[in-house]
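Residue numbers (our numbering): 11 to 301.
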């Protein structure tokens, strides 16, 4: 019986041939990549030439890009082209994905958009320079401070004011889903002392008297409002304003957001405003916020 088995094995021309990764069909690799996250795809692209070719497939990266990626290309990447960055922006889907994962400034550098590298979902940041802020052009009340802690290289610092009002809007084509909005603020003026970063709290006052009102609303009637006293001086805090839901694909949405403290019975000051963040709802845990 054993001799018979041995004879059969010896007659099979494929018996001594072992299959390796180089034998996997490229279309099978492409299909496998469609179920993997982008960092894993880029890692496996180093295996061999078949994996490398499959990792560059438009079929794979079309599946990874957000459903509103054509809007992002028009709003952000083509705007960069007009400013002189004449490289291959739209030649391959993988290149589009890689470019959108970088921090991309638009609207004269007052807004920034980027994709999460793993999920491909879009996040936004809006600078104070894109908002309407009472007294922002009067140095008695506000000043812009250079800061390497800011996505935009500078922050708006409130010296002292009676009427605090910062309002912003953005018209953007979001992919369907739920989104959260945050104000990133700090009590205290960031300074360098003896080469070290620290925070000057001398001008912080007035925030314990009345709460600050945060609000977000959308053009389709959604609205969320919260009030809270500001505290924890000396550290950046992402204050959760509210959430909104986008249901329609390829339909731009107006989002309006504000931070108000308009009780004129007392002054307030010593506040830094860095930016407003809009991110997918499932990423909200990345930020410190208060409900």
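Glycine residues also receive a C-beta, built at the ideal position from the N, C-alpha and C atoms.
Query raised in the report: If you drop the 5 nearest sequence neighbours on each side, which residues of the same chain put their C-beta closer than 6 Å to that of residue 54?
Result: Locating residue 54 in the chain shown gives position 44, where the first residue counts as 1. Same-chain partners within the cutoff: 61.
Report task. Check each candidate in 155, 255 and 73 and name the one with the smallest Cα separation from residue 233. Result -> The residue given as residue 233 occupies position 223 in the chain shown. Per the Cα distances, 255.
Query raised in the report: Can you name, in chain order, every residue of its own chain whose Cβ lies under 8 Å from the Cβ of residue 99, other than the five neighbours on each side?
Result: What you label residue 99 is simply residue 89 of the chain shown in a count that begins at 1. Confidence at residue 99 is low in this model, with a pLDDT of 47, below 50, so its placement is unreliable and the value that follows should be read with caution. Excluding sequence neighbours, residue 99 sits near 83, 87, 88, 90, 91, 105, 106 and 109.
Requested in this report: Compute the Euclidean distance between the alpha carbons of residue 266 and residue 177, then round it to the nearest angstrom.
Outcome: What you label residue 266 is simply residue 256 of the chain shown in a count that begins at 1. What you label residue 177 is simply residue 167 of the chain shown in a count that begins at 1. Rounded to whole angstroms, residue 266 and residue 177 show a C-alpha spacing of 7 Å.
Requested in this report: Specify the secondary structure class of residue 248 as computed by DSSP and reduced to three states.
Outcome: The count along the chain shown starts at 1 and reaches residue 248 at position 238. The three-state reading of DSSP puts residue 248 in strand, counting E and B together.
Query raised in the report: Just checking, does the segment 194-206 make contact with the segment 247-263 on the three C-beta pairs under 8 Å criterion?
Result: Cβ pair count under 8 Å is three or more, so yes.
Query raised in the report: Going straight from the alpha carbon of residue 172 to that of residue 222, what length do you get?
Result: Taking the chain shown and counting its residues from 1, the one referred to as residue 172 is at position 162. Taking the chain shown and counting its residues from 1, the one referred to as residue 222 is at position 212. Cα-Cα distance, rounded: 13 Å.
Query raised in the report: Are residue 121 and residue 136 close, meaning C-beta to C-beta below 7 Å?
Result: To locate residue 121, count along the chain shown from 1; it is residue 111. To locate residue 136, count along the chain shown from 1; it is residue 126. Yes, the pair counts as a contact, with Cβ atoms nearer than the cut-off.
**Report entry** Selected residue, minimal CA-CA separation from residue 253, among 293, 191 and 66
**Finding:** On the chain shown, residue 253 is found 243 positions in, with the first residue counted as 1. Of all alpha-carbon atoms in 293, 191 and 66, the one lying nearest the alpha-carbon of residue 253 is that of 191.
Query raised in the report: By how many angstroms is the C-alpha of residue 186 removed from the C-alpha of residue 292?
Result: As a position in the chain shown, residue 292 is number 282, starting the count at 1. As a position in the chain shown, residue 186 is number 176, starting the count at 1. A straight-line Cα-Cα distance of about 13 Å links residue 292 and residue 186.
Query raised in the report: For residue 201, does the count of other Cβ atoms within 10 angstroms reach 16, so buried, or fall short, so exposed?
Result: Taking the chain shown and counting its residues from 1, one reaches residue 201 at position 191. So residue 201 counts as exposed.
Query raised in the report: What are the residues that DSSP puts in a beta bridge with residue 190?
Result: For the purposes of this step, residue 190 is identified with residue 180 of the chain shown, where counting begins at 1. Paired residue(s): 253 and 289.
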